[in-house]
Amino acid sequence: MKAFHNKWFVFLSMMFLFKPGVLSGIPSLEIIDSLFDVMRILLCFICGLLLIKNPIPINRCSKVLGLIVCSEVWKILSSLMNGTSYTDWGSTLNVFGISIFTYLSLNQSPKAFFKGGSLLLGSYVVINALTVFLFPNGMYASSMYKMNFFLSYRTAWFIFYLEATFLCMLNNELYPSPNTKKWLVFVLLCEYLSMIKVWTATGLFCITLGLLLVHLWREKRIPLLSVKAIIIVEMILFAIIVIFHMQEKFAFLIVGVLKKDITFSQRVRIWDNALNAVLKTPWIGHGAMNTSRAVSILGYGVNHAHCYYLNTALYYGIIGLGLGLYTIYYAFSEKKYRTEKPVEYINLGMLISLMTAFQVESMMSIGYYLCMMYIVVAYLNSKTIVNNCLA
934 MKAFHNKWFV FLSMMFLFKP GVLSGIPSLE IIDSLFDVMR ILLCFICGLL
984 LIKNPIPINR CSKVLGLIVC SEVWKILSSL MNGTSYTDWG STLNVFGISI
1034 FTYLSLNQSP KAFFKGGSLL LGSYVVINAL TVFLFPNGMY ASSMYKMNFF
1084 LSYRTAWFIF YLEATFLCML NNELYPSPNT KKWLVFVLLC EYLSMIKVWT
1134 ATGLFCITLG LLLVHLWREK RIPLLSVKAI IIVEMILFAI IVIFHMQEKF
1184 AFLIVGVLKK DITFSQRVRI WDNALNAVLK TPWIGHGAMN TSRAVSILGY
1234 GVNHAHCYYL NTALYYGIIG LGLGLYTIYY AFSEKKYRTE KPVEYINLGM
1284 LISLMTAFQV ESMMSIGYYL CMMYIVVAYL NSKTIVNNCL A
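Okay, here's the thing in structure tokens:
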């Protein structure tokens, strides 16, 4: 399909797939919000037809697409086995739409995808930063948060910011030019200014950690970590912090630098309730739950466990968590093919940013956007990149 070779088609398509929170948050924008939803459904339908029209080659990218589908199917099965109705059909449609669109775009024209995608998500960052400074008390209030901006509340920015960083860095690496480098620097500047302004500690720490590691690997200052090593380290941190609550050992960082309290804003008591619920049905979880049921389990007025690993196990069990982690492992691991080192550094740096944020954030409401990253990395790891350039 020739349209996929046009960066502006990618830009517009991703605009409908990656919907900014302001559209759903302000009632007067309801018509635009509905238009986005209609266009998103139409785009998902067209991409689905294009996918089944031609044979799908068996490679790393298509296998990751299959793993993402398996994860979504398991959510439905887990809910059915718990005797609850699965209601997150909108999220599932978004997962399929974003995954299939990313898969088709990369196979048609990776250059158009990276240029259009980095422009769209980078623009979201810039607009969000502008709203932070233009509306210091927030653009609108929701039932849970008073200070919401273009990309919704500050805890929802992280995924948009991480994926904007990811695509802008890869675009600059694969298709370098003065403009791509300037855009990358400008987007990062807007990210940091906005995060410092409202002080979102998770985003500041995790994105800085990823960028620092990319720099250190480029300069050969530290050895490169394997994907397996990264996952093992993150699971050890999960046990230390979330399960055994030994975060006092990191008090100098948590309290002194990040200005957070040692309980991670009272997350510890939520983690304890979530862990007790997981132990009651560890393998299949409790299935998709409405807000009232989740609150009755977790308490304190929250409907998610403020930790991706614990929250996934709570809802969809060890099987659901295992599917999610294996998708990440398989997408980011390299076997037959090798990417150029700078591209590998970016992939692994962003992986560490993501998995570290998983420790204290559930990514529940917009976590489906991450499937784009998994497809992109799998694609890069299924290609031989020559001189840091994809055809």
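Position one of the sequence shown corresponds to residue 934 (this note's numbering), numbered consecutively onward. Beta carbons: idealized from backbone N, C-alpha and C, even for Gly. Just so it is clear, the structure is predicted and the values come from calculations on it, not from any experiment.
Item                                                                                                                                                                                             : Value
Can you tell which of Leu-1107, Tyr-1094, Val-1059 and Tyr-1036 has its C-alpha closest to the C-alpha of Lys-1048?                                                                              : Leu-1107
Can you give, in chain order, each stretch of the alpha helix (DSSP H) that sits fully within the stretch 1191-1246 and has at least 4 residues?                                                 : 1200-1213 and 1224-1231
Met-1222 and Tyr-1262 - do their beta-carbons sit closer together than 8 Å?                                                                                                                      : no
Over what stretch of residues does the alpha helix (DSSP H) that includes Ile-1155 continue unbroken?                                                                                            : From DSSP, Ile-1155 is part of no alpha helix (DSSP H); its letter is neither H nor E.
Return the CA-CA distance between His-1219 and Ser-1018, expressed in angstroms with no decimal places.                                                                                          : 11 Å
Are the stretch 1280-1290 and the stretch 1002-1019 touching, with three or more C-beta to C-beta distances below 8 Å?                                                                           : no
Cα separation between Ala-1246 and Val-1276?                                                                                                                                                     : 32 Å
State the Cα-Cα distance for the pair Pro-931 and His-1239, rounded to the nearest angstrom.                                                                                                     : Only positions 934 to 1324 of the chain appear in this structure, which leaves residue 931 out of reach.
Would you call Leu-1095 buried or exposed, if buried means 16 or more other Cβ atoms sit within 10 Å of its Cβ?                                                                                  : buried
With a CB to CB cut of under 7 Å and the five nearest residues on each side skipped, what residues in its chain are close to His-938?                                                            : Gln-1041, Ser-1042 and Ala-1045
With the cut-off set at 8 Å, would you say Leu-1084 and Tyr-1057 are in Cβ contact?                                                                                                              : yes
Taking only the alpha-carbon atoms, compute the straight-line gap between Phe-951 and Tyr-1302 and give it to the nearest angstrom.                                                              : 7 Å
Please report the straight-line C-alpha distance between Gln-1120 and Ser-1032, rounded to a whole angstrom.                                                                                     : As written in the sequence, residue 1120 is Val, which differs from the Gln given in the question. When rounded, the distance between both Cα atoms is 24 Å.
For Ser-1315, count the other beta carbons within 10 Å of its own beta carbon; 16 or more makes it buried, fewer makes it exposed. Which is it?                                                  : buried
With which residues is Tyr-1073 paired in a DSSP beta bridge?                                                                                                                                    : Asn-1081
Looking at Leu-983 and Met-934, is the spacing between their C-beta atoms short of 8 Å?                                                                                                          : yes
Could you give the DSSP three-state label for Trp-1022: helix, strand or coil?                                                                                                                   : helix
Under 7 Å Cβ to Cβ from Leu-998, same chain only, skipping five residues before and after it: list those, please.                                                                                : Ser-1032, Tyr-1036 and Ile-1308
Is the CB-CB distance between Cys-980 and Phe-942 below 8 Å?                                                                                                                                     : no
Gly-1071 to Ala-1089, Cα distance in whole Å?                                                                                                                                                    : 14 Å
If you follow the alpha helix (DSSP H) that Ala-1097 is in, where does it begin and where does it stop?                                                                                          : 1090-1107
On the DSSP letters alone, give me the boundaries of the alpha helix (DSSP H) that Val-1293 sits inside.                                                                                         : Counting along the chain, Val-1293 falls outside any alpha helix (DSSP H), and DSSP gives it neither H nor E.
Thr-1017 lies in the alpha helix (DSSP H); which residues open and close that run?                                                                                                               : Here Thr-1017 belongs to no alpha helix (DSSP H), and DSSP marks it neither H nor E.
Starting from the C-beta of Lys-1269, find all residues in its chain whose C-beta is less than 7 Å away, skip the five residues before and the five after it, and write them out in chain order. : Annotation note: pLDDT 49 at Lys-1269 (below 50); position unreliable, no value reported.
Quick one: Cα of Pro-988 to Cα of Ser-995, how far?                                                                                                                                              : 11 Å
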